[in-house]
Every structure is written in structure tokens, then in C-alpha cells.
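Numbering-wise (the numbering used here), the sequence shown opens with residue 41 and increments by one.
Idealized CB from N, CA, C, for every residue including glycine.
Okay, structure first, notes after.
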Amino acid sequence: MKNYKKTSWREAARLNNRAVKLIFKEYPQFVLSRFFSIAVKSLSPYVGIYISALLINELTGAKNPEKIRLYVFAALFSAAVLSLLIALLNRWKEAQSACGYYNYEGIIIRKILDMDYEICDDTKTSDLIHTVRENMNGGGWGFYRVMGQLDELYESVFTCFGGIALTVSLFIKKVPEGTGALEMLNNPFSVVLIIILMIVVCIAAPALEGKGQSYYAKYADMHNLGNRLFGFFGWLGHKKEIASDVRIYRQDIICERHTHSKTDTFASDGLFAHLARGPIGLCSAAGSAVSVVFTFIVYAFVCLKAWAGAFGLGAVTQYVASVTKTANGVSGLVRAVGGMKNNAPFLALIFELLDIQNKMYRGTLTVEKRRDRKYQIEFKDVSFKYPGSETYALKHINMKFEIGKRLAVVGMNGSGKSTFIKLLCRLYDPTEGEILLNGIDIRKYDYKEYMNIFSVVFQDFNLFALKLGENVAAKSDYDKRAVEEALSKAGFFERLNDLPEGVETYLYKDYNKDGVNVSGGEAQKIAIARALYKDAPFLILDEPTAALDPVAEAQIYSKLNDIVGDKTAIYISHRLSSCKFCDEILVFEGGTVIQQGTHNSLVSEINGKYYELWHAQAQYYT
Numbered sequence: 041m042k043n044y045k046k047t048s049w050r051e052a053a054r055l056n057n058r059a060v061k062l063i064f065k066e067y068p069q070f071v072l073s074r075f076f077s078i079a080v081k082s083l084s085p086y087v088g089i090y091i092s093a094l095l096i097n098e099l100t101g102a103k104n105p106e107k108i109r110l111y112v113f114a115a116l117f118s119a120a121v122l123s124l125l126i127a128l129l130n131r132w133k134e135a136q137s138a139c140g141y142y143n144y145e146g147i148i149i150r151k152i153l154d155m156d157y158e159i160c161d162d163t164k165t166s167d168l169i170h171t172v173r174e175n176m177n178g179g180g181w182g183f184y185r186v187m188g189q190l191d192e193l194y195e196s197v198f199t200c201f202g203g204i205a206l207t208v209s210l211f212i213k214k215v216p217e218g219t220g221a222l223e224m225l226n227n228p229f230s231v232v233l234i235i236i237l238m239i240v241v242c243i244a245a246p247a248l249e250g251k252g253q254s255y256y257a258k259y260a261d262m263h264n265l266g267n268r269l270f271g272f273f274g275w276l277g278h279k280k281e282i283a284s285d286v287r288i289y290r291q292d293i294i295c296e297r298h299t300h301s302k303t304d305t306f307a308s309d310g311l312f313a314h315l316a317r318g319p320i321g322l323c324s325a326a327g328s329a330v331s332v333v334f335t336f337i338v339y340a341f342v343c344l345k346a347w348a349g350a351f352g353l354g355a356v357t358q359y360v361a362s363v364t365k366t367a368n369g370v371s372g373l374v375r376a377v378g379g380m381k382n383n384a385p386f387l388a389l390i391f392e393l394l395d396i397q398n399k400m401y402r403g404t405l406t407v408e409k410r411r412d413r414k415y416q417i418e419f420k421d422v423s424f425k426y427p428g429s430e431t432y433a434l435k436h437i438n439m440k441f442e443i444g445k446r447l448a449v450v451g452m453n454g455s456g457k458s459t460f461i462k463l464l465c466r467l468y469d470p471t472e473g474e475i476l477l478n479g480i481d482i483r484k485y486d487y488k489e490y491m492n493i494f495s496v497v498f499q500d501f502n503l504f505a506l507k508l509g510e511n512v513a514a515k516s517d518y519d520k521r522a523v524e525e526a527l528s529k530a531g532f533f534e535r536l537n538d539l540p541e542g543v544e545t546y547l548y549k550d551y552n553k554d555g556v557n558v559s560g561g562e563a564q565k566i567a568i569a570r571a572l573y574k575d576a577p578f579l580i581l582d583e584p585t586a587a588l589d590p591v592a593e594a595q596i597y598s599k600l601n602d603i604v605g606d607k608t609a610i611y612i613s614h615r616l617s618s619c620k621f622c623d624e625i626l627v628f629e630g631g632t633v634i635q636q637g638t639h640n641s642l643v644s645e646i647n648g649k650y651y652e653l654w655h656a657q658a659q660y661y662t
């Protein structure tokens, strides 16, 4: 793990306790089902051990038929009842555990989705998210291990309780007088010494194993890097976007090298192989040796007391089994606690992510629902710097949106166009100045309600491998006719008629073998249709025709008024042909608006930036 730091026992306990509480709060049955299932499963063997001991003592002693029948019936009845109860509880547990991994992921995903865009866009946050995901996927570190270790902790505690209950009498029953040297087993000092020796030995074995496992936590970054390299380079040939490049340039060779030999992480002479042969292997071997020592001590102590006449044959069975199980419980307890400590640094990263606080003020005002769409937005001396930057991306922007107008935003790369839109949609808040909606600072409105008045097609839009209708409506319950109308307006009607299931057709083949692939231009039309379906008062199109051919582009712009309707439309485009269809044009340069006006007025300013941009493109069309 990058900058791996050992966590104190106290801090590890706090982190694990917080993780369990969080998981229990989100999915209580997920935790409770495991608790009860493990409790019954851990304690049930002791019922059989105790009854068996009574039965053996009776068979080797008085041989009372009534008692023998009673013990046999008790053994069979308890076994049947416990088996049924374990099966029912296990069924409950398995049902809750079926989506366990997604439960863990869900906690993190909900946090990410609730984050301010500014925070998500920050490189540090992005790195933290990737690290958390890699830790979970690479070694199961984080929430996934919490529940596994909690299971072991539950099992160990219940095993210890049951075992101690059946073992106490071993140390109480005395060797009869007259047995010579064996009478020393009655000495309290000898009993305490034996108990201490047992505890030390049964703790030592799992402690050594835990020491070995700590190396995996320490070098988690290497493990993650190996997985990341394999996951990236190993599947490049499968990615249809670059499959042609891989083959034409024989990039399979470099993929092979990076997949198998870049770090030697999983090679026979790599890091983890070395650790397995070295400290991890030695710790595991030492732990096994210590376990053998413990078994010898238990059998020696029990058999000596039985030989001296302290108890009968049935008790020998009871004590050997219960002491062994108790030892396993103690060992499991040590392993669980050690595992929780090893997992604590990974939990710390998760909580670092979950503890990130949103910075944007979330207002409570309701956005007025107007049928006439009479919304007015005003930028009042707005300036903006990206977090961590000393350079202004926007400087002193002053303007008003006229309702129902078509606005074009043009300029060179880095001129501030996209930043302008991000502020308008409140993905960021201004560094200086304010943005008003109907005369009220947009920060005072309920955030989600404010977002509802915008439909946006970003350059880097995304479509899902779902039904076409779900992609357009952005939900599963949608108006089929409205979807078809939006697709038709966006120029997708002819392609729609060719689809086997119409709007019910799945896009791509990721999750449906009958899914259809769409071209970049077709995908862009679907994205435009999605914006139209939402039917928000403000329609923002960022490079709306970048992936379209000239004919398709001309068709879109020729139907511009029909597509937009009574909405306020904002176009951001490098292709200035869209400007001819707009009522007003903003020309950005260096984060400021240097020109504003209609196409005819701006193109006549021969010394202006718009004139330069227009004629630079026009030469390729004449």
C-alpha cells in the first residue's frame, strides 16, 4: 500500500467498529443474518460433544438402559433440530450475502454520486477513488474484509464460550490421592502453568500467520499495480475502439511485455513468490509447528488426569474435543483481530473518501414552475478560478439571457467556453460575482431543482448498454411516443425504423447478445434526443454536431427552430456554421467576452476575432 503505515490497535478498533456500524445501518439484515447463523453453527457441536460424553460414560459405567435410551434420543433429536435451524439460518444468511459485494460498493457509489462536481473533478479525489476501488478489487481490502473478519470473530467468540463451558471442569476435577507423582496435577500452580502454556501456544500460531499476512497488506500497491497492468494491457485487443490500431501496429507485443514482465509481480521469481518462500512461508510453517505443540500439551494433560482416575473415558472425549475447539476459537480470535488491524489502513482510506464534505451551498428555495418558461439568467461581474489555480478561467462576465433566444458561444480552445457552461449549470460556483435566476442568486435554490431546468449535451456524453428508450428518457419508465418524437427531431428516425425492437432495442452487446452498435454520429443524435426528451427550459449543446457528417449537420441546423421550440438554446461549437442560425453570439478569448452580437454584425468587423475565426473555416468550404 502506498505510504503504508501501521495502525495502532486502538485506531484499528475504532475504524473497524465504525465500518460495522455503517454496514449495519445500511443493511441490518445483512449483519444480523450472519450473527445468528454463525452463533448457532459455532455452538451446536458442543451439544453433541456433551451428550456423547454422557453416553460413553454410561456405556463404560453403570450401563443403565433408561439413561442410554435417553442420551441416544437426546443426541438424535438435538442433531435434527440444530441441523434444521442451521439450514434455515444459513438460507437467510446466503440470501442476504448474495449481493454483499454490491452493498459495499453501493455505500461508496452513493457517496461519489452525492459529491459536488468540483470535488469529483479534483485529481486528489479521483486518485483516492481509484485507490479504494483497486484495494477492494485487488485484495478484497476494505469493507469486504470487514465482514469476513467479523464472521471469524463471531465464530471464534462463540466457539470459545462453548469450549470454556465444557472445559472448566477439566481443571477443577482432582486426581485421587495415592496416585504418586500425578498428584502434582492438583497443585493450583501446575494448573495455572498449564493454562498459561496453552494460551501462549494457541495465540502464537495465529499470530505468526497474521505476521505473514501483513506482508500482503504492506505490498498491496504492488498487487494492485500487477492487477491494473494485466487488466489494462491484457484486454486492449478486445476494445473495439482501438482493436484496429492494436493489430495494424502489432501492439500485441508491447501488451504482452507489460502484462507479464513489467513488474514481475506474479512471476515465479517475483515479489510475492519471494515473500511466499521467505517470511510468509516461514511464518506459516512456524505457526503449524506451534499448533502441533499445543495438540501434544492438550492430549498429555487430559490423558494423565484420566490415567490417574480424575474422570472417565467419556470425559476424555469431551475435554479433548472442547479444549481443541477452544484453542481453535482463540486462534481464530487472534487471526480476526490481526486481520482487522491489517485491514485498518484500507478502511482509513475509505472513510477519508466518505468524510469528504461538500463545499457548495445547497439552498432550499423552490424553482418556480412556469408554463411560459419565463426564466431569466444573468451573469453579474462573474469571475472564476479553478481550485488550486492562480489563473482566472473567466474574468468579469456580464450578460443576460433573453428567454427563447438562440445563443452561440465561440472561441479558441481554452478561451473559457466550457467553463462558462459549467458555471451556468452550477457544476462550479463563481469565485467572484454572482449568477441570478429570475433575480435570485442560484445558490439559494434547491440544487436538484435548479439542475432540472437544464438539458445538456456535453462533448464527453455517455450512453449505457441499455434499451434505446432508457437511454433517451434516462429512466426505465418512459413515454414511448415521446421518445420516438425526440429521436425523430434529432435526426435518428430512419435508423430507428431499422432497429429490430424499435426503442426497446438494446444498445451495444455488453449485456444483451441482440444489442446493436451505433456509430459516433448516431450516438450523438441519441444524446441530443435525450436532451429534448427532458424538455427543460434551457437547452445547452456542447459541440452538438462534432461527430456528424456535413449532411447530417445541415439537417440538424435546418430544423433548429423545430428542435428547440420555445426553449432558450445555447450552442458551443468550433464549427461556426451554427452561428448563422443563432440570435446572438458571444466570442470568448482569454476568459473574457471580447465580442457580442449577431452573425452579420460580427462578421462585418474585419479586425474582430469572429471575423478571423469565420474566414479561417470558410476557406475550406468555398
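(Q) Quick check: the Cα distance between Ser516 and Gly146, rounded to an integer number of angstroms? (A) For Ser516 and Gly146, the gap between their C-alpha atoms comes out near 20 Å.
| message | Can you look up Gly203 in the DSSP assignment and give me helix, strand or coil? | response | helix
Q.
In whole angstroms, give me the CA-to-CA distance for Phe351 and Gly203.
A. Their Cα atoms are separated by approximately 18 Å.
Straight-line Cα distance separating Phe341 from Leu118: First, the amino acid is wrong: residue 118 is Ser here, not Leu. Going from the Cα of Ser118 to the Cα of Phe341 covers about 30 Å.
Check whether the stretch 103 to 117 touches the stretch 230 to 239, counting contact only when three or more Cβ pairs, one atom from each stretch, lie closer than 8 Å.
no
Practice prompt. Rank Ala569, Val186, Leu616 by C-alpha distance to the C-alpha of Gly531 and give the top, closest one.
Written response: Ala569
Residues of its chain near Ile236, where Cβ-Cβ distance is below 8 Å and the 5 sequence neighbours each way are ignored
Closer than 8 Å at the Cβ level, and outside the excluded window around Ile236, lies no residue.
Going by Cα to Cα distance, which pick from Glu652, Gly349, Leu464 is closest to Leu217? Sequence inspection shows Glu at residue 217; the Leu mentioned does not correspond to that position. With distances taken between Cα atoms, Glu217 lies closest to Gly349.
Determine, using beta-carbon pairs with one atom in the stretch 355 to 370 and one in the stretch 183 to 203, whether at least three such pairs fall under 8 Å.
-> yes
- Residue closest to Ile417, alpha-carbon to alpha-carbon, out of Tyr67, Ala135, Ile169, Ala609: Measuring from the Cα of Ile417, the nearest candidate turns out to be Ala609.
- prompt: Where does Leu373 land, buried or exposed, given buried means 16+ other C-beta within 10 angstroms?
  reply: When all chains shown are included, Leu373 counts as buried.
* Asked: With 16 as the cutoff for other CB atoms within 10 Å, does Ala376 come out buried or exposed?
  -> buried
With 16 as the cutoff for other CB atoms within 10 Å, does Phe533 come out buried or exposed? exposed
Check: Which residue comes first and which comes last in the beta strand (DSSP E) that contains Ala433?
Finding: 432 to 440
Could you check what DSSP says for Lys302 in three-state terms: helix, strand or coil? Note on Lys302: pLDDT 46, under 50, position unreliable in the model; no value is reported.
- Cβ distance (whole Å) where Ile78 is taken to contact Glu195 below 8 Å: 5 Å
- Whole angstroms is fine: what's the gap from Arg535's alpha carbon to Gly561's? 11 Å
For the putative contact between Ile390 and Phe183, defined by C-beta atoms under 8 Å, what is the C-beta separation to the nearest angstrom? 7 Å
Report task. Compare the C-alpha of Ser362 against each of Asp538, Asn557, Pro85, Lys213 and name the closest. Result -> Pro85
### Query
Anyone know if the C-beta pair for Asp154 and Lys445 falls short of 7 Å?
no
Report task. Taking Ile152 and Cys160 to be in contact with their CB atoms under 8 Å, please state how far apart those CB atoms are, rounded to whole angstroms. Result -> 7 Å
- Cβ neighbour criterion (16 or more within 10 Å) applied to Leu94: buried
* Tell me whether the beta-carbon of Phe578 lies closer than 7 Å to the beta-carbon of Ile493. => yes
*Please classify Ser308: does DSSP put it in a helix, a strand, or coil?*
A caution first: Ser308 carries a pLDDT of 49, below 50, which makes its placement in the model too unreliable to give a value.
Could you name the residues that DSSP lists as bridge partners for Ile610? Leu447, Ile580
> Roughly how many whole angstroms lie between the Cα atoms of Leu83 and Tyr573?
Replying inline: 60 Å
Where Val47 falls: helix, strand or coil (DSSP): Checking the sequence shown, residue 47 turns out to be Thr, not Val. DSSP places Thr47 in coil when its eight states are reduced to three.
What does a CB cutoff of less than 7 Å around Gly648 pick up in its chain, not counting 5 residues either side in sequence?
For Gly648, the CB contacts under 7 Å within the same chain, skipping 5 residues up- and downstream, are Gln635, Leu642 in chain order.
Enclosing beta strand (DSSP E) for Lys420 [first to last residue]
Unbroken beta strand (DSSP E) run through Lys420: 417 to 425.
message: Among Arg50, Arg150, Val87, Asn104, whose alpha-carbon lies nearest the alpha-carbon of Val121?
response: Val87
Quiz prompt | Nearest neighbour of Tyr485, chosen from Glu408, Ser123, Asn382, Leu447 [CA to CA] | solution = Glu408
Quiz item: Unbroken beta strand (DSSP E) runs of length 3 or more, entirely within the stretch 616 to 661: which are they?
Solution: As far as the stretch 616 to 661 is concerned, its whole beta strand (DSSP E) runs of at least 3 residues are 624 to 629, 632 to 637.
Under a Cβ-count criterion, where at least 16 other Cβ atoms within 10 Å of its own Cβ denotes burial, should Cys619 be classed as buried or exposed?
buried
According to DSSP, which residues form a beta bridge with Leu476?
-> Glu418, Asp481
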